[in-house]
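If you read the sequences in order, they're chains C and U. Counting in the working numbering, the first sequence runs from 1 upward without gaps. Counting in the working numbering, the second sequence runs from 1001 upward without gaps.
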Amino acid sequence: MAAFFKKPLRPRRVNSIKNGPYQEKKQTHHPSQSLLLSTDIDSNLNYLKAIFQDCSDVIFREFLLAQNEQIKLALIYTDGLTDKTQISEQIMRALTLEIPMVVHGEEITRANALHFIKMKGLCINQVRESQKIEEIVSAILSGETVLLVDGHSTALINDIRSWEMRAIEDSKTETVVRGPRESFVETLRTNTSMLRRKIKNPNLKIEMTKLGEVSKTDIAVAYIKGIVNQDLVTEVKSRLEKIKIDGILDSGYLEELIKDNAYSPFSTISHTDRPDRVAANLLEGRVAILVDGTPVVLTMPYIFLETIQTPEDYYEQSFFTSVIRILRIGSLIASLTLPSLYIAIISFHHEMLPTPLLLSMAAQREAVPFPVFVEAFLMEIAFEIIREAGIRLPRPVGQAVSIVAALIIGEAAVQAGLVAAATVIVVSLTAMASFTIYYSGSITIRLLRFPLMILAASLGLFGLISGITIFVVHMAGLRSFGVPYLAPVGPIITGDLKDSVVRVPWWAMNKRPYLMGQNNPQREASRLKPQPSRPKK
Amino acid sequence: MIKKIICLLLVLSLVLQGGCWSRKELSDLAIIMAAGIDRTPDGNIRLTVQIARPRAFGGGTVRPSAAQENNAWVLSQTGETVLDAERELEKKVSRKIYWGHMVILVLGQEAAREGIRSLINFFSRSPNARETLWVLVARGKAEDLLNSHSQLENTSAQSTGSVLRDAVGVPVMLKDLIMMLASKGTNPTLPFLELTASGAPQGPGMKENIPEAKNKQQKVTETHAEITLTGTGVFKDDRLVGQLDVPDTRGLLWLTNKIGPGEITIPSPAEPGKKISVNITRGKTKIEPFYDGQNARFEIKITMEGDLWEQQSTEDLTDPKIFAAIEKRMAQRIEQRVRSVLDKAQFDYGLDIFAFGESFHRKYKKEWAALKDRWDEVFANADINIAVEAHIRRTGLTTKRIF
Chain C
1 MAAFFKKPLR PRRVNSIKNG PYQEKKQTHH PSQSLLLSTD IDSNLNYLKA
51 IFQDCSDVIF REFLLAQNEQ IKLALIYTDG LTDKTQISEQ IMRALTLEIP
101 MVVHGEEITR ANALHFIKMK GLCINQVRES QKIEEIVSAI LSGETVLLVD
151 GHSTALINDI RSWEMRAIED SKTETVVRGP RESFVETLRT NTSMLRRKIK
201 NPNLKIEMTK LGEVSKTDIA VAYIKGIVNQ DLVTEVKSRL EKIKIDGILD
251 SGYLEELIKD NAYSPFSTIS HTDRPDRVAA NLLEGRVAIL VDGTPVVLTM
301 PYIFLETIQT PEDYYEQSFF TSVIRILRIG SLIASLTLPS LYIAIISFHH
351 EMLPTPLLLS MAAQREAVPF PVFVEAFLME IAFEIIREAG IRLPRPVGQA
401 VSIVAALIIG EAAVQAGLVA AATVIVVSLT AMASFTIYYS GSITIRLLRF
451 PLMILAASLG LFGLISGITI FVVHMAGLRS FGVPYLAPVG PIITGDLKDS
501 VVRVPWWAMN KRPYLMGQNN PQREASRLKP QPSRPKK
Chain U
1001 MIKKIICLLL VLSLVLQGGC WSRKELSDLA IIMAAGIDRT PDGNIRLTVQ
1051 IARPRAFGGG TVRPSAAQEN NAWVLSQTGE TVLDAERELE KKVSRKIYWG
1101 HMVILVLGQE AAREGIRSLI NFFSRSPNAR ETLWVLVARG KAEDLLNSHS
1151 QLENTSAQST GSVLRDAVGV PVMLKDLIMM LASKGTNPTL PFLELTASGA
1201 PQGPGMKENI PEAKNKQQKV TETHAEITLT GTGVFKDDRL VGQLDVPDTR
1251 GLLWLTNKIG PGEITIPSPA EPGKKISVNI TRGKTKIEPF YDGQNARFEI
1301 KITMEGDLWE QQSTEDLTDP KIFAAIEKRM AQRIEQRVRS VLDKAQFDYG
1351 LDIFAFGESF HRKYKKEWAA LKDRWDEVFA NADINIAVEA HIRRTGLTTK
1401 RIF
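Encoded structure:
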């Protein structure tokens, strides 16, 4: 049977995928790839103008250097991505009006113009040189301002990027009561700065690459050297290198392109918009991938138990956290199995209920025309519709929809005798339970609930248990960048159990997670347990 | 990949093609709360069942009407065996008969006299009924006992189940009865219950026919009757041969180490006309058999702890002498109770109903083989010594009487 599964149906066309038409297209698409600038500014300008033909947001500004009017200069930048005041004040004004003040009798010639402008003329703090047209084009498009000097085949690239962006706000998806509020924004540089503010250490490495043949999206791979397992970084980078895609608009693209098991409904990469969560992950020896244009940051490896963990767990008292985590495990199990358990018991295992409960259930079911499976299934779908509507609906109609939904599900369905009250309780409890756990875990659970309900309706508890067994076997086989998905419970790692279902206080969690941080396992000094200092005798 | 998916779908269809074969919707079940078995004059089985009527329980928005509705439907059918009678019932009952939540099994007095093995065989064999259901003997017919209501519980079956569980009488589950029947070391005992008048009827549906009142005094049938525990039925093997009253039942509970919460009332040592009541908090009985090759002898050691909760007399409870006197009287009272039921078992019935044979078997394994078939005889001739130790641990909220 296993051999049968392994046998491919037809020869795989691996080669055609690997060396597909994509790479050929790429070559024709970018003629400027390895070209260099010439010394003639006009031909350079013509060349660039040809590239940016019909790009109305790319501005060309030609002017003359104040001192020696023979030297022609040109500024090229993208409107909207640069700080116009700085261009006017620090470049234009400096080069046309103020440069005589710094000359001190020195002669500016065509030959030393570039050096002079860079060293004395520009009042810009970040300036680099480049001769490659490709680099210049990409610099212009990412908001840098390029200065061409007549007679030089080198361009000065000034970083005075500035654009409209969203302010840093509270996290929308993972809110906390106690702990930092800030969340990532759409600008990669702001996001890396938020990480840098939390980890002020040169070992925090943020390596930049560009992905997306058309979109040229900036991607940053962040890790802490000395803590992270260097093989993990290599693996992450090699998976990223394989990506050939036209554009990357969100980190979700990357997640699907680099995850371990392509067909698994479980996510093996965590995503978050909280800098503190990313920083904590980095400190444990994980790798983060930041994508420009989205506040959602990926961290990996990701293990299943993180589904029931929140950043707040580490800020709140450990006893409280442990209790809440146990509660979340209950919610996780409830949101996965409660409807199927209900179906199985009502239609197969009536013995499992205490007699008074059975009688009360029987009384409720008297008036209901559908079998319990149909009823629960319809209610679950109704709830999913409401949830989806709640996300998509325009804000002003929100209240109207929620009232209608509450009336339909809560009241009318029961009063009309279409649905038993117990079913409503089960469905709403299930729904509420799914909100207590980490969002990307909860959508998986939401999905898996339905096959379990079908199994429970056809085979009762036996079906339910076999379904759960299949899930557990599948999860036990999953790896996230080499880390078993069910760790530290799957392969039992006793040290890591300190931060699993319970969380021990910080003074006792002195080791990093074994499978991620064994490079540098010690997280804190031992014997940190606080106690009042003893009076000296 | 496609082949994998097809394979997966085939496996899935295997699951679904089964067609949910044992699925029974809750609304397709006739939930039996109690069953009663009598014998018809021609030797057939008359099965009476009490079926819960879910509609009357008013779950959710379905409220019961103001008038008392019948929570249960009691009906009887005759068949050659219990299963046969159940099949007969199916002709009338629109839903599938479901035994899983049956609370009590009532055996009619007459049917029990003729032997209960054949009556309970169905319930012990069928996987549908629980072995934890309570078995009892009804005074008169089981059918009449089941045709009753409870003022507090939904059905009289549940109320009876609770009364039995509280161990006022001997609590016997079906599994206990099966073990008692299978054992040579004891004879079965079953709680004995009957309908007794219990206050005014609360509605038109709450009037019961008390069997013995039918002919004598028609008025009594206008009362409400609850199923009441009135003693213990004594069996010789599987035939009902006699009945113990409630005080003897307490003695039986002491001897079988099943004493639960209860009280002991004794006359005050100082003022004989006035009484003292002690609430039993713990009671323990140890039975040790001895055998000299001829006669069996049993040493019974009972220890009891209790709280003094009522004192009509005025003696000073802080005085150790008086305290000791009270404890001594309590011990005597327990011994009286125990001796009384022992005498009945040994001399009136000649039956071991206390499972003394079991403890004898445990200690004298070899000798037991020879004795087991005439055990009741050995038991009837055995010497039995009783030693009771009673302690009063607390005297309630007050020590000395203050008013």
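Don't be surprised by glycine CBs; every beta carbon is placed ideally from N, CA and C.
Query, Result
"Name the one or two DSSP bridge partners that U/His1391 has.", "U/Glu1305"
"From this set, U/Leu1351, U/Ala1345, U/His1391 and U/Pro1289, which residue's C-alpha is nearest U/Glu1367's C-alpha?", "U/Pro1289"
"Please go through the stretch 102-184 of chain C and give each complete alpha helix (DSSP H) segment of 4 or more residues, from N-terminal end onward.", "113-116 and 133-141"
"Which two residues bound the contiguous alpha helix (DSSP H) that contains C/Tyr439?", "Tyr439 to Leu459"
"Any contact of the stretch 1087-1100 of chain U with the stretch 1121-1140 of chain U, i.e. 3+ C-beta pairs under 8 Å?", "yes"
"Answer yes or no: do U/Ile1386 and U/Ile1302 have a C-beta to C-beta separation smaller than 8 Å?", "yes"
"Which residues of chain C have a Cβ atom closer than 7 Å to the Cβ of U/Asn1154, listed in chain order?", "Leu359"
"In terms of alpha-carbon separation, which member of U/Glu1114, U/Val1106 and U/Thr1232 lies closest to U/Ala1345?", "U/Thr1232"
"What's the call for C/Val102, buried or exposed, on a 16-neighbour Cβ count within 10 Å?", "exposed"
"Using a Cβ-Cβ cut-off of 8 Å, state whether C/Pro371 counts as contacting chain U.", "yes"
"Skipping 5 residues on each side, what residues in its chain have a beta carbon closer than 6 Å to that of C/Ser267?", "Ser440"
"From which residue to which residue does the beta strand (DSSP E) around U/Ser1162 run?", "Counting along the chain, U/Ser1162 falls outside any beta strand (DSSP E), though it belongs to the alpha helix (DSSP H) covering Ser1156 to Arg1165."
"By the criterion of Cβ-Cβ separation under 8 Å, what are the contact partners of C/Ala362 in chain U?", "Leu1026, Ser1027, Leu1029, Ile1031, Ala1052, Pro1054, Phe1057 and Gly1059"
"Of the choices C/Thr217, C/Ala456, C/Pro530 and C/Arg181, whose alpha-carbon is the least far from that of C/Glu312?", "C/Arg181"
"Among the residues of its own chain, which have a CB less than 6 Å from the CB of C/Val296, if the five just before and after it don't count?", "Ser251, His271 and Asp273"
"Could you name the residues of chain U that C/His152 contacts, counting a contact when the two beta carbons are closer than 7 Å?", "Residues of chain U passing the Cβ test: none, with the nearest at roughly 58 Å."
"Which word fits C/Val374, buried or exposed, when buried means at least 16 other C-beta atoms lie within 10 angstroms of its C-beta?", "exposed"
"Measuring CB to CB, does U/Gly1036 end up less than 8 Å from U/Val1106?", "yes"
"How long is the line joining the alpha carbons of U/Thr1223 and U/Ser1150, rounded to whole angstroms?", "13 Å"
"With DSSP run on the structure shown, which of helix, strand or coil describes U/Val1062?", "Only weak support is given to the placement of U/Val1062: the predicted model assigns it a pLDDT of 46, under 50, and the value that follows is read from those uncertain coordinates. Residue state, collapsed to three classes: coil."
"Per DSSP, which one or two residues make a beta bridge with C/Lys210?", "C/Asp218"
"Under the three-state reduction of DSSP, which class applies to C/Ala3: helix, strand or coil?", "Only weak support is given to the placement of C/Ala3: the predicted model assigns it a pLDDT of 49, under 50, and the value that follows is read from those uncertain coordinates. In this structure, C/Ala3 counts as helix in the three-state DSSP scheme."
"Flag U/Ser1094 as yes if its beta-carbon sits less than 8 Å from any beta-carbon of chain C, otherwise no.", "no"
"Report the rounded CA-to-CA distance for U/Leu1397 versus U/Gln1312, giving the unit in angstroms.", "15 Å"
"Can you give me the C-alpha to C-alpha distance between C/Ala495 and C/Pro505, rounded to a whole angstrom?", "In the sequence as presented, Ala is not what sits at residue 495 of chain C; that position holds Gly. Cα to Cα, C/Gly495 sits roughly 14 Å from C/Pro505."
"Under 8 Å Cβ-Cβ, which residues of chain C neighbour U/Ser1022?", "Phe348 and Gly460"
"Examine chain C for any beta-carbon lying closer than 8 Å to the beta-carbon of U/Gln1151, and answer yes or no.", "no"
"Which chain B residues sit within Cβ distance under 9 Å of U/Tyr1098?", "As a matter of chain content, chain B is missing from the structure shown, whose protein chains are C and U."
"Measuring CB to CB, does U/Gly1169 end up less than 8 Å from U/Ala1142?", "no"
"Which residue or residues does DSSP assign as beta-bridge partners of U/Pro1289?", "U/Phe1298"
"Which two residues bound the contiguous beta strand (DSSP E) that contains U/Asp1038?", "Leu1029 to Arg1039"
"Taking 6 Å as the limit between beta carbons, can you name the residues of its chain near U/Val1172, skipping five residues before and five after?", "Val1135 and Leu1190"
"Please report the straight-line C-alpha distance between C/Pro21 and C/Lys244, rounded to a whole angstrom.", "Low confidence applies here, because C/Pro21 scores a pLDDT of 43, under 50, leaving its location unreliable; read the following figure in that light. Whole-angstrom Cα-Cα distance: 11 Å."
"Is the beta carbon of C/Ser458 sitting closer than 8 Å to the one on C/Arg446?", "no"
"So, helix, strand or coil for U/Leu1152, using DSSP?", "coil"
"Going along chain C in order, which residues have a C-beta closer than 8 Å to the C-beta of U/Val1103?", "Thr355"
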